[in-house]
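Counting in the working numbering, the sequence shown runs from 664 upward without gaps.
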Amino acid sequence: MPSLAKSESAVLDVPTHLRPQHVAIIMDGNGRWAQHQNLPRVEGHLRGVESVRNVMDACNDFGVHTLTLYCLSSENWKRPAEELEFLMTLLKTYLIGERDNLIKRNLRLKIIGRRERLSQDVQMEMDRTVAACAGNDGMTLCLAINYGGRSEIVDATRELARNVAVGKLSPEDISEATISNALYTAGLPDPDLLIRTSGEMRISNFLLWQISYAEIYVTSTLWPEFGREDLAEAIRDYANRDRRFGGLQHATVDAAGQSAEAEDA
């Protein structure tokens with residue numbers, strides 16, 4: 664892998680229109696990292712917060728407009744109670760501790776997911792930090808907390824159904840744009856690049872609607888070890904891909920000399 668300086672330089676040399684504007688990350692591997700280090704699982708989560716800071720700053724430096732991080736899935740409530748309690752404390756500490764840094768970095772904050780299951784003190788700090796960043800106009804940091812892609816689509820469908828029931832919306836007027844505007848991520852562009860750490864080849868109920876045309880990059884690096892260099896490598900890989908959005912490749916010439924189009928795979 665290139666050195667840190669070379670990796671970052673290579674990203675900055677990529678034309679802006681070839682860089683991802685929205686990067687979404689499934690942050691996986693905290694527990695395995697801790698296990699490999701013979702440490703408690705909670706130590707992996709603590710180290711993972713450091714990676715959040717590093718990647719957030721790197722995305723900001725690389726010109727990314729939106730960074731969405733999968734912090735806590737709706738399925739994570741199946742974990743041991745003591746680990747969940749620690750995660751809630753860690754989340755509250757992060758929201759308080761990072762507030763000034765987010766303001767200093769001119770970052771906006773958006774939080775998506777079903778918040779009603781979170782404790783009142785965590786919800787309060789979420790609101791305070793979002794409000795403190797409301798006047799910023801830089802990169803948007805979007806945290807998916809108690810989030811599930813299917814739940815998001817269910818909630819959007821319910822909202823649309825209610826609007827139809829009261830006559831605010833006609834069924835014939837429902838479109839992809841209408842659905843997108845009813846999702847938690849309304850107002851944000853769809854992700855261009857989805858990164859998953861720890862080598863797992865699945866999307867884990869994350870942004871199911873929004874990643875329809877995202878490029879997927881999987882790395883075996885565990886999240887606590889994922890940093891600027893790894894992000895730079897993912898962006899360099901993305902810049903070399905041919906994004907067709909379901910269309911066709913450039914025209915080719917078949918054996919008979921006729922112009923042909925290669926269909927998207």
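Every residue gets a Cβ at the ideal spot worked out from N, C-alpha and C, and that includes glycine.
Exposed or buried, residue i, counting other C-beta atoms within 10 Å across all chains shown (16 or more means buried)?
| i | result |
| --- | --- |
| P683 | buried |
| G850 | exposed |
| S737 | buried |
| D893 | buried |
| Y810 | buried |
| E661 | Examination of residue 661 is not possible in this model, given that the chain is present from 664 through 928 alone. |
| V674 | buried |
| S672 | exposed |
| Q623 | Here the chain comprises residues numbered 664 to 928, so residue 623 is not present and cannot be evaluated. |
| E839 | exposed |
| E788 | buried |
| D676 | exposed |
| H699 | exposed |
| P743 | exposed |
How many angstroms separate the CA atom of residue i from the CA atom of residue j?
| i | j | result |
| --- | --- | --- |
| N693 | T729 | 23 Å |
| D691 | R859 | 7 Å |
| N769 | G812 | 28 Å |
| V727 | L765 | 15 Å |
| D790 | A697 | 31 Å |
| Y757 | L823 | 34 Å |
| W740 | L750 | 11 Å |
| P887 | E835 | 47 Å |
| I939 | R891 | As displayed, the chain neither begins before 664 nor continues past 928, which places residue 939 out of reach and without an answer. |
| N701 | G711 | 16 Å |
| R704 | R907 | 41 Å |
| T820 | P854 | 21 Å |
| I866 | W872 | 12 Å |
| P678 | I837 | 37 Å |
| E748 | L709 | 14 Å |
| E818 | N844 | Note that residue 818 is Asp in the sequence shown, not Glu. If you take the alpha carbons of D818 and N844, they lie about 12 Å apart. |
| P852 | K755 | 27 Å |
Please check the pair residue i and residue j, which I expect to be a contact at CB under 8 Å, by giving their CB distance rounded to whole angstroms.
| i | j | result |
| --- | --- | --- |
| A807 | L732 | 7 Å |
| A895 | S670 | 4 Å |
| S814 | R777 | 6 Å |
| I774 | V793 | 6 Å |
| I689 | F869 | 6 Å |
| I874 | A687 | 7 Å |
Might you give, ordered along the chain, the residues of its own chain that have their beta carbon closer than 6 Å to the beta carbon of residue i, omitting 5 neighbours on each side?
| i | result |
| --- | --- |
| G862 | S883 |
| F889 | S714 and T860 |
| E878 | L856, Y901 and R904 |
| Y847 | I775 and E815 |
| V718 | L894 |
| F725 | V674 |
| R771 | C796, N799 and T803 |
| V735 | Inspection of the sequence shows that residue 735 is occupied by Leu rather than by Val. The residues are I808 and N809. |
| A918 | Residue placement at A918 is flagged as unreliable, the pLDDT there being 42, under the threshold of 50; the coordinate-derived value follows with that caveat. Excluding positions up to five away in sequence, the list is empty. |
What residues in its chain sit with their C-beta under 7 Å from that of residue i, if we drop five residues either side in the sequence?
| i | result |
| --- | --- |
| V881 | R859, G862 and M864 |
| A795 | R762 and I766 |
| G920 | Bear in mind that a pLDDT of 43 at G920, under 50, signals an unreliable position, so the model cannot answer this. |
| A721 | R891 and L894 |
| G707 | N693, G694, W696, A697 and P887 |
| N826 | L832 |
| L885 | G692, R695, W696, T860 and S861 |
| R716 | none |
For residue i, which residues of its own chain have a beta-carbon under 8 Å away from its beta-carbon, when the five flanking residues on both sides are left out?
| i | result |
| --- | --- |
| Q786 | R778 |
Meets three-Cβ-pair contact criterion under 8 Å: the region 822-834 and the region 794-805: no
Three CB pairs or more closer than 8 Å across the region 670-690 and the region 896-910: yes
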